[in-house]
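What follows is a set of notes on a single structure, which appears directly below.
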Amino acid sequence: MALPTYTTRGQRVGYYTYLTYCGMVFFFLIAPIFIIIPLSFNQSPFFGFTPEMLRLDPDAFSIRWYRQMLGICREEDIITTVCTNKWMIGTVNSFYIGLSATFFATALGTIAALGLSRPNMPFKGAVMALLISPMIVPLIITAAGVFFFYAKFGLVGTYTGLILAHTALGTPFVVITVTATLTGFDTNLIRASQSLGANTMRTFFKVIMPLILPGVISGALFAF
906 MALPTYTTRG
916 QRVGYYTYLT
926 YCGMVFFFLI
936 APIFIIIPLS
946 FNQSPFFGFT
956 PEMLRLDPDA
966 FSIRWYRQML
976 GICREEDIIT
986 TVCTNKWMIG
996 TVNSFYIGLS
1006 ATFFATALGT
1016 IAALGLSRPN
1026 MPFKGAVMAL
1036 LISPMIVPLI
1046 ITAAGVFFFY
1056 AKFGLVGTYT
1066 GLILAHTALG
1076 TPFVVITVTA
1086 TLTGFDTNLI
1096 RASQSLGANT
1106 MRTFFKVIMP
1116 LILPGVISGA
1126 LFAF
């Protein structure tokens, strides 16, 4: 974006210094990705650039590691690697648990944020502190407590247990983002909708949800 013509020299220097700083931070965060991606096509079983790769020799590149991850290995791959579909199973499990936990965390967090946004909500501070406590308590303590609690009900190592645990960890992110979105929400819109004959569900999906949707999506991404 071009600067206005009335900006001073100091403002222009500060603006371009800021852009340079942001670019350096962005490069620092992105640069490792540009190194890891070529290494994923390495033919060698060692994690590093071989002389053949540096010379851009076509024989030095291979998709063997992607085949191994998908469980599609050739005979030459089995010599130095184990052909298994465990990577693919783990990927599917991660997406299944992550998407399920995101769905429940988004639903519960949005409902909680709507309740906390009401002016007559009793013990609002205590409820908010309880909802965001999974973000404050160290994960090792949370994991130990969840394990001993699950052991009593036989939920250790089950999909249900994993989804519930990740839902509890992801809900605070949704609560915070949706609550921040509801800060400037005009409650007169709800009254106007109800005065026109809309019920609670129609008011939520036609009036409230479109306005808080950016916060809900942001919270869902953080929860995932």
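In the working numbering, the protein residues as written are 906 to 1129. Note that the Cβ used here is the ideal one computed from N, Cα and C, for glycine as well. Quick caveat: nothing in here was measured; it's all calculated off a predicted structure.
- Leu1036 is not a Cβ neighbour of Thr1092, given a cutoff of 8 Å.
- In the three-state reduction of the DSSP assignment, Phe1052 falls in the helix class.
- For Arg972, the enclosing alpha helix (DSSP H) stretches over residues Arg969 to Leu975.
- The residue among Gln973, Phe1127, Leu1116 and Ala1006 with its C-alpha nearest the C-alpha of Thr1088 is Leu1116.
- Linking Val1042 to Phe1052 through their CA atoms gives a straight-line distance of about 15 Å.
- Distances from the alpha-carbon of Phe1078 to those of Ala1103, Leu944 and Ala1012 put Ala1012 closest.
- Excluding residues up to 5 positions away in sequence, Thr1108, Val1112 and Ile1113 lie with their Cβ nearer than 8 Å to the Cβ of Ile1095 in the same chain.
- The Cβ atoms of Phe1127 and Thr1082 lie closer than 8 Å to each other.
- With respect to Ile1068, Ile1002 sits close: the two C-beta atoms are nearer than 8 Å.
- A check of alpha carbon separations from Pro943 across Leu924, Tyr971 and Met993 identifies Tyr971 as the nearest.
- Apart from sequence neighbours up to five positions away, the residues of its chain that approach Ala1073 with a beta-carbon distance below 6 Å are Pro1039, ordered along the chain.
- DSSP lists Asn947 as the beta-bridge partner residues of Phe966.
- For Lys991, the uninterrupted alpha helix (DSSP H) segment begins and ends at Lys991 to Leu1021.
- It is roughly 50 Å from the alpha-carbon of Leu959 to the alpha-carbon of Thr1086.
- Counting only the Cα atoms, Ser945 lies some 11 Å from Phe951.
- Remark: C-beta atoms of Gly1124 and Gly1014 approach each other more closely than 8 Å.
- Around the beta carbon of Asn1104, a 10 Å sphere encloses fewer than 16 other beta carbons of the protein chains shown; the residue is thus reported as exposed.
- The DSSP assignment places 1064-1086 and 1093-1100 as complete runs of the alpha helix (DSSP H) inside the stretch 1060-1104, in order along the chain (cut-off: 4 residues).
- Counted as a single uninterrupted DSSP element, the alpha helix (DSSP H) harbouring Lys1029 occupies residues Lys1029 to Leu1036.
- Boundaries cannot be given for Val1112, as no alpha helix (DSSP H) includes it and DSSP labels it neither H nor E.
- Taking a contact as a CB-CB distance under 8 Å, the pair Val1080 and Ala1018 counts as one, their CB atoms being some 5 Å apart.
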